Each structure stands twice: as C-alpha cells, then as structure tokens.
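In the numbering used here, the protein residues as written are 77 to 453. The next block holds one structure in the form of structure tokens; read it before the comments.
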C-alpha cells in the first residue's frame, strides 16, 4: 500500500502498471498501491491502464488476465517550522477512487508543485494536510510514512517530532495507523504506549517492480468481500480475523536501523552511540541517530513487551537474497544474476509464488527443487 511510480526520484523506469501486474503475482501480492496518484501524468496513465473492479474502489489492469488489484495511493511530504526548526514529514494517503484523487489534485495544486516529482512536497502544517484530505472525501485515509527513519518522518531524528500531537495537532485523532518502515518492526513500536491505538502497517515503499524489492514488507488481510471500505475497516478495527499479520524484514536489514555515519562506514548500537556522545569516531562529526536509538528515546516500556491485543507478524528475507547468499554472491547486481533468477523461478513455479515458498513449503518439498543448503536457509 506504499510504492512509487517512475515519476518519483530515484525510481526504476520500469515502475509502470504492466510491470507491476507482471511481477506482483510472482511475489504473491494481490493488492498494490498505485503510487504517486497525485502526479497528473501518472494519474492520466492510471486512468488509461486501469478499470474499477465491481464498484469496490479497487482497480484491475485493462485487457490483462492478472488478478492483481490496485488502490489509489500516494506519498506526500510536508514542511513546516516549529521554534525555528524545519519539520519534514512524509505521509501516505489512500483514496477510494481515481476520481477522488483528481479532486484532491484540484485542492492541493496551489500548495506545491505536483508535477515536479511523484512524491510532492507541500509547505503546510500536517494538520492542514489532514483537513484538506478529509475535506475531499471522508474515506480518504492518511498515516505517517516510515515513521522512524532519520529524514522525512514523524519521529525521525532529523526533522521529526516526539508525538502524534506535535505533528498533527488538533487533527491527531484522525490518524488511525502508522507505517513502521524497514528499520523498525511491531515489537519496537509496541514499546511506545502512545502508539497503542494505531494499526501498525508494513509496506515495501518500493522503487522497483522486481520481487526482491516489491513486497519486502506487506500486510496480510482476509476480506470476505474485498473492497476499499472493507480494507480501511480491517485496518482501523485491528481485527485479527481480518488483518491477519504483517510481513517484516529484520529491522537490522534497514539502512537506518543503527546510529552511524555512512561516509565513514560507521554503524553502532544505541548504547555505544550514547557513550561516544553521538560523535563519529573516524571524522569527529555528528552521527546520524538511527531508528533503534530513537525508539529507545521515546519508549516507556521494556524490550520484549507484548500488548494483550496485537496483529502478529513474521520475518522474511526476499527469496533472491536468500539464494544469492547461499551461492556466496554479494552486491545488488547479483540479485539479478541468471543463477539466482533461475532458482527463484524454479521454486515459484513449483509452489505458486514467493510467499508460498518462504511461508508454506516444507524442507522435504524444497529439497526436491533446489540444493539442500538453499532449502535449509
């Protein structure tokens, strides 16, 4: 429910509807956000490529047999100043239709340049953004994106705040969910009691359509009659019979999990960062405070705390990364190698999709397809 299109910066040119509809089934995904729906050119392409499915608020690709459905979605940034310091925060918005997206474009076009990037930036207070979003349609759904990353997030160490109320002011009650991001997981967020009322969502924020990026994190729902409204109800009600679980990578997989200094290749846990006074031991400049350290600062519960009522989660790594590691292949380019792709497709063809390989296939079944060292992993 949070991806991007080719119109966002640093995003693959292949992030188009046809490619997404091709690769999502290989992963096991049947519902995707459209990404960047407020970008006028992308919206035009979406309207040409998609058609609404049975008045559900979900869309399917015209003339394609893929079962993948799409929901209107975007990520936007707000910039506002508090006590002389700029607060830069990203928000995800879901919408019940492409027509509603058009209406929101009309309302926001004077607040920022919608054509400059798929992820537009508005110089307004987040509370004003919430008000405008809900003014267009009460079923619009807005929540903080990648809530803990240092830059452009609600709790980020570089430009964030310490509470929902500081961010959304008198509109904070309208926020019903939070995206945990790759560098945190539900267990980390459970430590902050102020977040208890929120649904914790996990999304890939993908900039590429390939299975090792698409669906790295995901939400698993069981909806009797799949529709946009039923999706929003499942999220806000946090009903474990409808919102079954989230799929997570290990938080350490995220590049912002620990505090560090990328230029110097320095990374360290919160305890060591505090001992060093937040200073890089190599160059003497300030470290970038990571997600785990920010959680420690805001947490009012011990590690390992589990609430009475929660949505469960499972940790996975993308299949291609597991295979590449077993083959001793390193680097991003190795994920596209012929050997990795061949073994991935053997498994997907045998079990149906990547999630089925990782979550359902038994060791005995896996060794019939790939070498035992890969099956064991």
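Think of the CB as a built atom: it goes at the ideal place given N, C-alpha and C, for glycine as much as any other residue. If you're wondering where the values come from, they're calculated on a predicted model, not measured in any experiment.
### Task
Identify, in the order they occur along the chain, each residue of the same chain with its Cβ nearer than 6 Å to the Cβ of residue 365, setting aside the five sequence neighbours on each side.
233, 335
### Query
Ends of the beta strand (DSSP E) at residue 391?
389-391
#### Entry: Three-pair Cβ contact test at 8 Å for the region 239-254 versus the region 340-348
no
### Message
Using DSSP's beta-bridge definition, name the partner residues of residue 164.
### Response
155
### Task
Determine, using beta carbons only, whether residue 166 and residue 221 come nearer to each other than 8 Å.
yes
### Burial state of residue 143, where buried means 16 or more other Cβ atoms lie within 10 Å
exposed
### Query
By DSSP, does residue 266 sit in helix, in strand, or in coil?
helix
### Task
Tell me where the alpha helix (DSSP H) around residue 116 begins and ends.
116-125
### Query
Where do the ends of the beta strand (DSSP E) carrying residue 344 lie?
342-344
### Minimum length 3: unbroken beta strand (DSSP E) runs contained in the region 216-280
217-220, 253-255, 275-277
### Task
Count the other CB atoms, across all protein chains shown, that sit within 10 Å of the CB of residue 396; report buried if there are 16 or more and exposed otherwise.
buried
### Task
Report the residue from 177, 170, 98, 262 whose alpha carbon sits nearest the alpha carbon of residue 117.
177
#### Entry: Cβ-Cβ separation, residue 276 to residue 287 (assumed contact under 8 Å), whole Å
Their Cβ separation, rounded to whole angstroms, is 24 Å, which puts residue 287 and residue 276 out of contact at 8 Å.
### Query
Taking Cβ positions, are residue 420 and residue 399 nearer each other than 8 Å?
yes
### Query
Are the beta-carbon atoms of residue 212 and residue 247 separated by less than 8 Å?
no
### Message
I need the boundaries of the alpha helix (DSSP H) containing residue 135, first residue and last residue.
### Response
That residue, residue 135, is in no alpha helix (DSSP H); its beta strand (DSSP E) goes 135-137.
### Message
I'd like to know if the region 171-185 and the region 104-123 are in contact, where contact means that at least 3 CB-CB pairs between them fall below 8 Å.
### Response
yes
### Query
Can you name the start and end residues of the alpha helix (DSSP H) that residue 110 belongs to?
Segment: none, residue 110 is in no alpha helix (DSSP H) and carries neither H nor E.
### Query
Going by Cα to Cα distance, which pick from 343, 135, 330, 271 is closest to residue 385?
271
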